[in-house]
Structures are given as C-alpha cells and as structure tokens.
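Notes to accompany the following structure.
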Amino acid sequence: MQQFQTTIQELRDANLALKNENDHLKDLIIKHIPQMKEDIASLAGRCAATSKQLQPQHTVAAAEPQKKQPGDDDDDGGGDGGNNNKIHGERTEAPEKTEAPETIEIVKGSGVFCKRDAWKASIHTTSGTAMVRTLLLGTFPLETLLQSNLNGGKPKRGDGEQLEALDPGKKAAIIEATMKKWPHTTKGQLGTAINNKLTELRARQKQTK
C-alpha cells in the first residue's frame, strides 16, 4: 500500500512538471508561430526571385547550339567546341546553397535545421525533456507533428489511429543536441517526452474541432 501511494505521488509530481513545461511551450507557440509563418512566406519569395534570376541562363544555354553555321564540322576542336564546353560548364555549376538566417543547424554536419527562436528558447529550458520538446516544435511542421509519433504505428493512448514515424535524421539530431546539454538525460526519457508532447498536440487539436 505504501509503495502504491509513493507511486501515485511520483506520478502527481511528474504531471505537475509536465504541466509547467506545457505552459512554457504554449507561450512559445503563441509568440513564435506567427513569426515562423512570416519567415516561411519570406523564404518562398526569395526562392521565387532566385528562380527568375536563373531562368535566362538556361534559355541561353538551350538556344546556343542553334547559332552553329551550316559549314561547321562537329569534330572541330576549335571555337564552337570550346564555347559549348564553356556553356555546359556554366549549366552544371550549381549555385551555392545557403540557409535562411532564421534557422540554425542543430548539430554541426547533421543538415537538420531548427527555427532560431526555438533554438534560443531551448537552451534556456530547465530540463532535458523541456529542451527536446522545444526543439521538436522548432524543427518539424505542426502538420507533421499532428500525424506522427516517435517510431510510428498506433499509440498506446488515444483512439488507436495509425501514425507516421518522425523523420529519423531530425529525431536523432534533436536528441543528440539535447543530450550534449543534458548528458544525464537518457534517450528513453527524451523519447517518452517527445511522444507525450505529440499526444498532447493531437488532443488539443481535437478539442478545437
């Protein structure tokens, strides 16, 4: 009986801690999601502008072979061949890829990026579970989170709907980043925190319907 009461108290303490974390994350969502939408719209505009700037290069490269004179020899190693090689070289040279300044790479070399505001908030959290939850919200789109759990499949709680697994590369990156700051936190604890957050998001969505 004593052990049962102790377990209940531990669950109550854990529930209180989760509630505090949820309140903190709720504030982050309210403050930062509108800014995230603006950032996405801005990035889309930049991509469209870049596409328009690159279009004339492809047009010139495609039209260039038509300038060849009727008497030219295909095997000529002179002018036209050199020009064609130069053109092809220009076409195959990929523009340097840059990430928007609003994002930051979670783990160097991982290729996984998080909203900068969410990253800044995560490093000021008070526990590993709070940090991984914050990174989760800043790394994945909300639509993806509502349709996923840690490893996919049907959740133990809820209505038993089939869910998708989170992207393994992104999942590994946010867990690794969290464990660097909170080395005594286990992967199991972080995985549970992620699943709990995903369950909470789905429950909130159903309440708003």
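Residue 120 in this note's numbering sits at position 112 of the sequence shown; the count goes up by one each step and never skips.
Backbone N, C-alpha and C fix where the C-beta goes; we use that ideal spot for every residue, glycine too.
Just to confirm my understanding: we take residue i, look at its own chain, exclude 5 residues before and 5 after, and list those with CB closer than 8 Å. What are they?
{"i": "Q197", "result": "G136, T137"}
{"i": "K162", "result": "G168, E169, Q170, L171"}
Only counting the same chain, and skipping five residues up and downstream in sequence, which positions put a Cβ closer than 7 Å to that of residue i?
{"i": "G85", "result": "Only weak support is given to the placement of G85: the predicted model assigns it a pLDDT of 46, under 50, and the value that follows is read from those uncertain coordinates. Here the set comprises nothing."}
{"i": "L209", "result": "L153, L154"}
{"i": "K205", "result": "R141, L144"}
{"i": "S156", "result": "L171, E172, A173, L174, L206"}
{"i": "E133", "result": "Here residue 133 turns out to be Thr, not Glu, going by the sequence shown. Taken in chain order, the residues that qualify are M139, T142."}
{"i": "G160", "result": "L171, E172, A173"}
Tell me the DSSP secondary structure of residue i in three-state form.
{"i": "K116", "result": "coil"}
{"i": "K34", "result": "helix"}
{"i": "S130", "result": "helix"}
{"i": "T216", "result": "helix"}
{"i": "T194", "result": "coil"}
{"i": "I95", "result": "Interpretation of I95 is limited by its pLDDT of 42, a score under 50 that renders its predicted location unreliable; the figure taken from the coordinates is listed afterwards. Helix."}
{"i": "L144", "result": "helix"}
Among all the DSSP beta bridges, which residues are the ones paired with residue i?
{"i": "L171", "result": "G161"}
{"i": "K123", "result": "T111"}
{"i": "S156", "result": "E172"}
Out of the options, which has the shortest C-alpha to C-alpha gap to residue i?
{"i": "G119", "options": "A185, K205, K128, H192", "result": "A185"}
{"i": "K34", "options": "P163, G161, E151, A126", "result": "A126"}
{"i": "R124", "options": "I183, G161, E110, G117", "result": "E110"}
{"i": "I183", "options": "K128, K164, V115", "result": "V115"}
{"i": "A180", "options": "K164, P191, L158", "result": "L158"}
{"i": "F148", "options": "K189, K128, F121", "result": "F121"}
{"i": "L150", "options": "R20, Q213, D31", "result": "Q213"}
{"i": "N146", "options": "R20, I202, K27", "result": "This sequence places Gly at residue 146; Asn is not what is there. Among R20, I202, K27, the Cα nearest to that of G146 belongs to I202."}
{"i": "G117", "options": "T200, G177, L24, E29", "result": "G177"}
{"i": "K164", "options": "T200, R20, Q215", "result": "T200"}
{"i": "A129", "options": "E29, R20, L24, P191", "result": "E29"}
{"i": "E190", "options": "K27, L24, I112, I131", "result": "Glu is not the amino acid found at residue 190; the sequence shown has Trp there. Per the Cα distances, I131."}
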